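Position one of the sequence shown corresponds to residue 960 (the working numbering), numbered consecutively onward. The C-beta atom is built at its ideal place from N, Cα and C for all residues, glycine as well. No experiment lies behind these values; they were computed from the predicted model shown.
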Amino acid sequence: MSSKIGERNLREKLFLKKVNGGKELSESEMKKCDKFSQEYKDFLNKSKTERENVNYILKKAVGAGFTEFDKDKKYKSGDKVYHVNRGRGLILAVMGENGVKEGAKIAVSHIDAPRLDLKPNPLVESGEFALLKTHYYGGIKKYQWTAMPLALHGRIVRRDGTFVDIVLGENEDEPCFCVTDLLPHLAREQMNKKMSQAITGEDLNALVGSLPLKDGKGAELVKLNILKMLNEKYGIVEEDFISSDLEFVPAMKSRDIGIDRSMIGGYGQDDRSCTYPCMEAILNCKKPQKTTIAVFTDKEETGSDGNTGMQSKFFEYFVHDLSKMDGVKLRHVLSKSKCLSADVNAAYDPTYVASYEINNSSFINKGVVLTKYTGSGGKYGTSDASAEFTGEICKLFNDNKVLWQSGELGKVDNGGGGTIAKYIANLNVDVIDIGVPVLSMHAPFEVISKIDLYMTFRAIAAFFSNYDL
Ligand code: MN
Ligand code: MN
């Protein structure tokens, strides 16, 4: 009898714990997960593009006392600032007691998501339909984007330099759009194609109209009719499509998933399930020891290139300005800084077990997932967090009762993926990926767990408020 208890103690002591939060968390903690998730779902519904994310976060930040960053101003401990990058990226920071003299605490997440962007010259007429041609953004399975309601979001800059912001198709009394698919009856050839070729990029054309201009004469009367309506509503002409950022996104709202309502389904949860916890953590950050920074970046899904992506100098310039204020060198600040790169990982999916290695997968409900490295095929294209920094973060989570798990992205040699961690690491900053496990990643409707969402917030909040890091 005693030996059995001894064995149980040994297991308890030695084995890596992988517990379902549904068993582990108290009722009051479960309530917190649910409350956090309600507000999160509202965020998902109200901001589906990078610009809308910036506006949403900025509004909350201004309400919480953040003011526009001025590099020539003197700031004191606890002062809160924001710095917008071209309307598509954003930095929020809370000045620390020591400023950036001993480095900064940083959390980064991305606010872009896979979608269908309009081509520069998108409006065509074919078969007496008006269609908008698209160029998909990010890694999508194209067939998933057909035969479902889409909404059009974005900004159009008119010839006179003024602009108009558009959100069309989200409300039930508004028209929406869709990409058609071939009926199964006639799809014998299509159904025999490889999944990657059954729907091609050039097939992703959205229906926008079918009525010709009444009393019109000549060719392309359906297209002309649509342009007339767009001109009346938005004051635009065809050329203005060239100077626009217009995106088709799923018109669905986010919903609870499951009889037990334990999960959330919705569009754009890569990476907004990490963006939202980052935002809440920085909004709740009070008088930190080190200056604490949350970066919300664009273009992750297309490689982080461009002036709103993580590879741009925008973030570095901001830290440079902070360094100058405190009379220290940028390189000194960066090399002493620490960062959580908040991005999603692939949750173990019972329907596709062959793609996962069960010992190293992340699981729904087992908490925020710590991803030591990403990349693919022999750890290519990744920042592999050091044993030392990983150890610091594991200890931080354990000390703060953050429910967490370790995860790798699927089986070795099955594929792979990256995050912005490597661009932060290249600045000589200690960085590790943490975030939410996701089912159906990059699909128009992705699924996460409420427990994991809330634990990601708890993880970032603990990192921001810990004095030893
Ligand atoms: Mn991501
Ligand atoms: Mn992604």
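Residue range of the unbroken beta strand (DSSP E) whose run includes residue i
i       : result
Phe1122 : 1122 to 1127
Phe1088 : 1088 to 1096
Asp1076 : 1074 to 1085
Lys1064 : 1064 to 1069
Ser1203 : 1203 to 1209
Gln1364 : 1363 to 1365
Asn1044 : 1039 to 1044
Leu1109 : 1109 to 1116
Arg1214 : 1214 to 1216
Ala1020 : Careful: Ala1020 lies outside any beta strand (DSSP E), inside the alpha helix (DSSP H) at 1009 to 1022.
Ala1165 : 1164 to 1168
Closer than 7 Å: residue i CB and nearest ligand 2 heavy atom
i       : result
Glu1260 : yes
His1094 : no
His1401 : yes
Rounded C-alpha distance that separates residue i from residue j
i       : j       : result
Met989  : Ala1023 : 26 Å
Asp1071 : Arg1231 : 8 Å
Tyr1034 : Val1053 : 10 Å
Met1222 : Asp1358 : 27 Å
Tyr999  : Pro1079 : 33 Å
Gly1334 : Ala1301 : 16 Å
Lys1258 : Thr1093 : 17 Å
Glu1179 : Lys1173 : 12 Å
Glu986  : Ile1410 : 12 Å
Cys1233 : Val1328 : 11 Å
Gly1268 : Phe1274 : 10 Å
Tyr1426 : Thr1251 : 12 Å
Gly1326 : Ala1420 : 15 Å
Met1154 : Tyr1102 : 8 Å
Asn968  : Met1150 : 56 Å
Ala1344 : Arg1220 : 35 Å
Tyr1339 : Leu1362 : 29 Å
Cys1439 : Gly1336 : This structure leaves residue 1439 out entirely; the chain is present only between 960 and 1428.
Asp1392 : Thr1378 : 8 Å
Lys1283 : His1291 : 11 Å
Pro1081 : Val978  : 50 Å
Glu1351 : Lys976  : 18 Å
Lys982  : Lys1360 : 14 Å
Glu1087 : Lys1176 : 14 Å
Glu1056 : Ala1157 : 58 Å
Gly1224 : Lys1331 : 27 Å
Lys1019 : Phe1025 : 9 Å
Asn1318 : Phe1028 : 45 Å
Nonlocal neighbours in the same chain, by C-beta distance under 8 Å from residue i, ignoring five residues either side
i       : result
Glu1316 : Glu1367, Gly1369, Lys1370, Val1371
Ala1106 : Cys1137, Val1138, Thr1139, Asp1140
Leu1109 : Leu1075, Gly1128, Cys1135, Phe1136, Cys1137, Val1138, Ala1165, Phe1207, Val1208, Pro1209, Ala1210
Ser1203 : Leu1077, Gly1113, Arg1114, Ile1115, Val1116
Phe995  : Glu1239, Lys1409, Leu1412, Tyr1413, Phe1416
Lys1005 : Glu1011, Tyr1015
Glu1198 : Arg1118
Own chain, CB closer than 7 Å to residue i, minus 5 neighbours either side, in chain order
i       : result
Val1167 : Ala1089, Leu1090, Leu1091, Phe1136, Ile1185
Lys1007 : His1112, Val1208, Tyr1226, Gly1227
Trp1104 : Leu1075, Val1138, Leu1163, Pro1403
Leu1355 : Ala1421, Phe1422, Asn1425, Leu1428
N- and C-terminal bounds of the alpha helix (DSSP H) containing residue i
i       : result
Ile1419 : 1409 to 1424
Gly980  : 980 to 983
Val1292 : 1289 to 1295
Met1284 : 1273 to 1284
Met1150 : 1147 to 1150
Gly1350 : 1346 to 1358
Tyr1180 : Inspection of the sequence shows that residue 1180 is occupied by Leu rather than by Tyr. Its alpha helix (DSSP H) spans residues 1180 to 1193.
Leu1003 : 986 to 1005
Same chain, Cβ closer than 6 Å to residue i, neighbours up to 5 away in sequence not counted
i       : result
Tyr1193 : Val1123
Phe1002 : Tyr1235
Gly1098 : His1401
Leu1386 : Leu1293
Ala1253 : Leu1051, Ala1066, Cys1237, Ile1241
Asn1189 : For the record, residue 1189 in the displayed sequence is Leu; it is not Asn. Contacts found: Ile1195.
Cys1298 : Ile1065, Ile1383, Val1388, Val1390
Lys1060 : Asp1285, Val1287
Thr1256 : Gly1048, His1069, Met1269
TODO: Would you list the residues whose beta-carbon is nearer than 5 Å to any heavy atom of ligand 1, in the order they occur in the chain?
DONE: Ordered along the chain, the selected set is Asp1229, Asp1230, Asp1302.
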